[in-house]
């Protein structure tokens, strides 16, 4: 019996202590600690009972109590000093009144890290660092001397000792601080108490194009919140990524050269409050984190699905003024009355695509049915709600929202819902980046390349510590992609996308006017979309633009896309 007690006590006690040391819950850890000590006491006590008697046994029992209390203290210290040292070191607590308390040492340590520089594809320094005589570093923005730094804010992000990091400053933080890529150097800096120096990032971004796109989106959109993405479809490289409105990242960066540090912290806090109070929400990276109904730009996805499943094209395609897929729901209607005068009746896929016939694409959606339309969307990583990841896999370097085919898992169970989704409404939500990737896939013969913005990372000596590796996935057969390029070309040359045309080159694209809110609302918001490729024969650019409440995709959206492409071609060779 004593042997069983010894075995259970010693084994169970040690097991509880080891298990509890790795639990983040303090109550669970304390329960394991006390329970483990009690079991150890029983196990060791049983051993003493078996081997000793009399006064000797009493003395050993008393010694056992003190030893086990010492073991408790030792185990607790080991847990705090080794297993959870980092989390305790960086722990921040907020009380009921909103006051924040934390260890100031990590903050002071981070303020002495000279973060690596960030360069554009041509070697133009966008962000740098310098230090005051005491070793406290700050972020500097050389690009602000030749461009509007707000144009770069959502890609670069900010690094603030008070509000943390965002953008590339957040997702590439370990590389920029030198913790990643130079582990030995980082350890030496810690041991020798030297200031840390980070690695440098070289981006795919072209600073000139980024500034030009920013200016043209402001001009066409009139300052309304907007997004623009320019991709190289051959590689997935992001050449420009603009979110309007922007912000000044330097205004969120602490200045160690300031005479009054408290005043500088108050300056940062005031600017932060100003940004958060702005109804236009300038801190949101709209191209990557904004989710919007894509409107008729999604007809590109439905058209591609129809070309893969050609049985849906065997029946004639009509463009009636109304279509009733669900007798219990309002009919599908076109944005332009009597659209058949442009498409013809019967029509074909090219003409209903060029003139953006909602009723025709609603019919195609019903013919495809939910499973085939969903399969096409999912191949482009537009997810049903149950399988949507927290972060889209289509972007390697920045936090990106996953695009959604529906908000409810059962939404596509009716023909009315499938019809609405097929022409870009329903519960469909996509990011502007997503629609740029759709266009880029068609431009790249049906191969989708993962979008990225960091080309390489180099250390202080210039040695390459990281190099982007291209990642591709075939979405469409090359024949279907070629057919889609022709549809997009006709959408600009013959259809409602003529405002996207650029002199001297061929442009293909699709407009979208996406309704946000109930159709009967007289103040209904309508987002203006356009995604495009150019030149159509051998595309070098894939573009998506979106202007919140821009009202008219064929007008405002197409003009914005045309201006963005025009800027890209004008800068070639410069």
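Residue numbers (my numbering): -13 to 560.
Note that CB positions come from ideal geometry on N, CA and C, so glycine has one too.
For the pair residue 415 and residue 389, the CB atoms are nearer than the 8 Å cut-off.
Shown here for residue 330: same chain residues with a beta carbon closer than 7 Å to its own, the five before and five after excluded, namely 337 in chain order. Non-local C-beta neighbours of residue 312 in its own chain, meaning closer than 7 Å and more than five positions away in sequence, comprise 400, 401 and 402, ordered along the chain. Within the same chain, 347, 350, 351, 354, 359, 362, 408 and 409 come within 8 Å of residue 288 by CB-CB distance, once the 5 residues on both sides are set aside.
Residue 300 counts as exposed, since fewer than 16 other beta carbons sit within 10 angstroms of its beta carbon. One thing to note: residue 212 has its Cβ no nearer than 8 Å to the Cβ of residue 226.
Annotation: the continuous beta strand (DSSP E) that includes residue 496 extends over 494 to 502. Inclusion of residue 419 and residue 392 in the CB contact set at 8 Å is not warranted, their separation being larger than that value. Rounded to whole angstroms, residue 530 and residue 99 show a C-alpha spacing of 37 Å. Contact between residue 146 and residue 8 fails: their C-beta atoms lie close to 33 Å from each other, not under 8 Å. Three or more beta-carbon pairs separated by less than 8 Å link the stretch 428 to 443 to the stretch 461 to 475, which places the two stretches in contact. Distance from the CA atom of residue 66 to the CA atom of residue 59, rounded to whole angstroms, is 11 Å.
Within the same chain, 143 and 144 come within 6 Å of residue 152 by CB-CB distance, once the 5 residues on both sides are set aside. With a cutoff of 8 Å on beta-carbon distance, residue 186 and residue 109 are scored as not near each other. Sixteen is the threshold: since fewer than 16 other Cβ atoms of the shown chains lie within 10 Å of the Cβ of residue 56, the residue is exposed. Cβ-Cβ separation between residue 452 and residue 167: approximately 7 Å, consistent with a contact (criterion under 8 Å).
Contact between residue 383 and residue 440 holds: CB atoms are separated by about 5 Å, below the 8 Å threshold.
Beta-bridge pairing by DSSP links residue 246 to no other residue.
Counting along the chain, residue 357 sits inside the alpha helix (DSSP H) bounded by residues 344 to 365. The stretch 477 to 485 makes no contact with the stretch 258 to 272, as fewer than three CB pairs between them are under 8 Å.
Per DSSP, the continuous beta strand (DSSP E) segment holding residue 516 begins and ends at 511 to 520. In the assembly as shown, residue 246 is an exposed residue. Its beta-carbon has fewer than 16 other beta-carbons within 10 Å. Unbroken beta strand (DSSP E) stretches of 3 residues or longer found wholly inside the stretch 453 to 496: 458 to 460, given in chain order. Closest by C-alpha distance to residue 266, out of 550, 232, 255 and 286, is 232. Residue pairing from DSSP places residue 150 in a beta bridge opposite 146. Taking 8 Å as the cut-off, the Cβ atoms of residue 387 and residue 428 do not count as close. Classified as buried, residue 280 has 16 or more neighbouring CB atoms from the shown chains inside 10 Å of its CB. As computed with DSSP, residue 415 is found in a beta bridge with 390.
Sequence-distant partners of residue 333 (beyond 5 residues in either direction) whose C-beta falls short of 6 Å from its own C-beta, in its chain, are 303 and 305. A check of alpha carbon separations from residue 534 across 551, 367, 335 and 276 identifies 276 as the nearest. DSSP lists 444 as the beta-bridge partner residues of residue 186. One thing to note: residue 496 has its Cβ within 8 Å of the Cβ of residue 286. Nearest Cα to residue 319 within the set 326, 327, 308 and 325: 308. Fully contained in the stretch 215 to 282 are the following alpha helix (DSSP H) runs of length 4 or more, in chain order: 247 to 263 and 272 to 275. Assigned with DSSP and collapsed to three states, residue 11 falls in coil, not helix or strand. Our two residues, residue 197 and residue 394, have alpha carbons roughly 39 Å apart in a direct line.
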